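Undergrad: Just so we're aligned: 452 in full-length UniProt numbering is position 27 of the sequence shown, and the numbers increase by one with no gaps anywhere.
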Amino acid sequence: HVKDNGRNGYGFYERGLTTGLTERMSLEAELRKVVERGELELYYQPKVDLLCARSAGCEALLRWRHPSLGLLTPDRFIRIAEETGIIVEIGGWVLRTACEAAVRWNRGGWADFTVAVNLSVRQFLGHDLAGEIQAILAETGCRPEWLELEITENLLLEDRDETRATLGQLRDLGLKLAIDDFGTGYSALNYLARFPIDILKIDRSFVQGIGRDESSEKLVRGIVSLARSLHILLVAEGVETAGQAAYLQQIGCHLAQGYLFAKPLSEEQLVSWYKQYRQQPLPGTLVEP
Ligand code: C2E
Ligand code: MG
Ligand code: MG
Ligand code: MG
426 HVKDNGRNGY GFYERGLTTG LTERMSLEAE LRKVVERGEL ELYYQPKVDL LCARSAGCEA
486 LLRWRHPSLG LLTPDRFIRI AEETGIIVEI GGWVLRTACE AAVRWNRGGW ADFTVAVNLS
546 VRQFLGHDLA GEIQAILAET GCRPEWLELE ITENLLLEDR DETRATLGQL RDLGLKLAID
606 DFGTGYSALN YLARFPIDIL KIDRSFVQGI GRDESSEKLV RGIVSLARSL HILLVAEGVE
666 TAGQAAYLQQ IGCHLAQGYL FAKPLSEEQL VSWYKQYRQQ PLPGTLVEP
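(1) If you run the structure through DSSP and keep just helix, strand and coil, what is C678?
(2) Would you report the Cα separation of E448 and L655, rounded to the nearest angstrom?
(3) Quick check on this structure: which residue in R585, I648, A454 has the alpha carbon closest to the alpha carbon of R547?
(4) Can you list the alpha helix (DSSP H) stretches of 4 or more residues lying completely in the segment 580 to 605, in chain order?
(5) Look up E464 in the DSSP assignment and say whether it is helix, strand or coil.
(6) What do you get for P689, buried or exposed, if any count of 16 or more other CB atoms within 10 angstroms of its CB means buried?
(7) Compare the C-alpha of V473 against each of S691, A670, E693 and name the closest.
(8) Ignore the nearest five residues each way along the sequence and tell me which others in Q701's own chain have a CB closer than 8 Å to its CB.
(9) Just to confirm my understanding: we take G668, look at its own chain, exclude 5 residues before and 5 after, and list those with CB closer than 8 Å. What are they?
(10) Do you know offhand how far Y468's Cα is from V632's?
(11) Flag D500 as yes when its Cβ comes closer than 7 Å to any non-hydrogen atom of ligand 3, and as no otherwise.
(12) Per DSSP, what kind of secondary structure is T577 in: helix, strand or coil?
(13) Cutting at 7 Å between CB atoms, please list the residues of its own chain near A687, excluding the five before and the five after it.
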């Protein structure tokens, strides 16, 4: 009797474990081929300038059009790609594709329309990232000022010589560096003085507290004055309501991104969004008199 229970329990556990493992192993095997199979896509989420109701470039967000599972967002596969190192190849594809798009947009008349690319810590280690980016810029004809790189606080907190050197080289190439999800890491603010940071992106957890809790509002105001005194540009992530946009505009955070303005869009959708937005800014953006 006791033995049976034990066997059942073990069997249940084992089944759960193998399902998870099998799934992960097949995703991993498929991930190794995503680039050659052409299954990756970039979506682009616009950033807007609340003051002059102008579009202020966009962020490239990765999607995997999986043959049977449909369109997957990064939470389904980025961790596996990072842990296996596949992210280095995928990240190269993302950089090249984003640069090609930036060239199309800027040559097509969208002046100084930037694209921001998210980078994983792994892309900085054991591989010449700055050299790779320099080659991609040269091959695509993308100007350095059209490309922004989004990194996370973790990368700076590890503070390796290798990372520090790479960030310096990227800066020398003329690229802008943004800290993503600002305020969610173990913020040791001294890194802001030690690294060449141009942009802070306020994490959406604070933005979404606007109008709901006072401590989020205080934090956001604190970040605004911090950024202002360090001459760092601010972008608010995850703006969903006109109230949040109005608050941000009022306290001096003029760049924003979020579902209020646009979700991540296919390139075709971005083109029509851009045309429409220029004619008639969406609610939440104020046109200066
Ligand atoms: P992130 O860089 O912080 O990107 C913002 C995420 O918030 C995106 O999710 C976006 O779709 C979502 N978002 C934007 N506006 C709103 C809003 O108003 N409300 C809410 N609730 N969400 C909003 P997504 O596309 O699923 O990407 C998730 C994360 O995956 C990104 O966070 C980024 O860290 C990572 N990621 C995306 N693309 C790449 C890539 O090419 N390479 C690497 N290494 N990571 C990537
Ligand atoms: Mg980002
Ligand atoms: Mg973010
Ligand atoms: Mg985020």
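We put the CB at the ideal spot given by N, CA and C, even for glycine. Here the structure is a predicted model, which is why all the values come from computation and not from measurement.
TA: The short version:
(1) Numbered from 1 along the sequence shown, position 253 holds the residue referred to as residue 678. Here C678 sits in coil by DSSP.
(2) Here residue 448 is taken as the residue at index 23 of the sequence shown, counted from 1. Here residue 655 is taken as the residue at index 230 of the sequence shown, counted from 1. Cα to Cα, E448 sits roughly 47 Å from L655.
(3) Translated into positions along the sequence shown, residue 547 becomes position 122. That would be R585, whose Cα lies nearest to the Cα of R547.
(4) 586 to 598
(5) Counting from one through the sequence shown, the residue named residue 464 turns up at place 39. E464 falls in the coil class under three-state DSSP.
(6) Taking the sequence shown and counting its residues from 1, one reaches residue 689 at position 264. Burial call: buried.
(7) For the purposes of this step, residue 473 is taken as residue 48 along the sequence shown, with counting starting at 1. The shortest C-alpha separation from V473 is found at A670.
(8) Locating residue 701 in the sequence shown gives position 276, where the first residue counts as 1. Here the set comprises nothing.
(9) Numbered from 1 along the sequence shown, position 243 holds the residue referred to as residue 668. Taken in chain order, the residues that qualify are I635, G636.
(10) On the sequence shown, position 43 is the one that residue 468 refers to. On the sequence shown, position 207 is the one that residue 632 refers to. The straight-line gap from Cα to Cα measures roughly 22 Å.
(11) On the sequence shown, residue 500 is found 75 positions in, with the first residue counted as 1. No - ligand 3 has no heavy atom lying nearer than 7 Å to the Cβ of D500.
(12) What you label residue 577 is simply residue 152 of the sequence shown in a count that begins at 1. Looking at T577 - three-state DSSP - the assignment turns out to be strand.
(13) Walking along the sequence shown from the start, residue 687 turns up at place 262. Answer for A687: Q470, P471, W698, listed in chain order.
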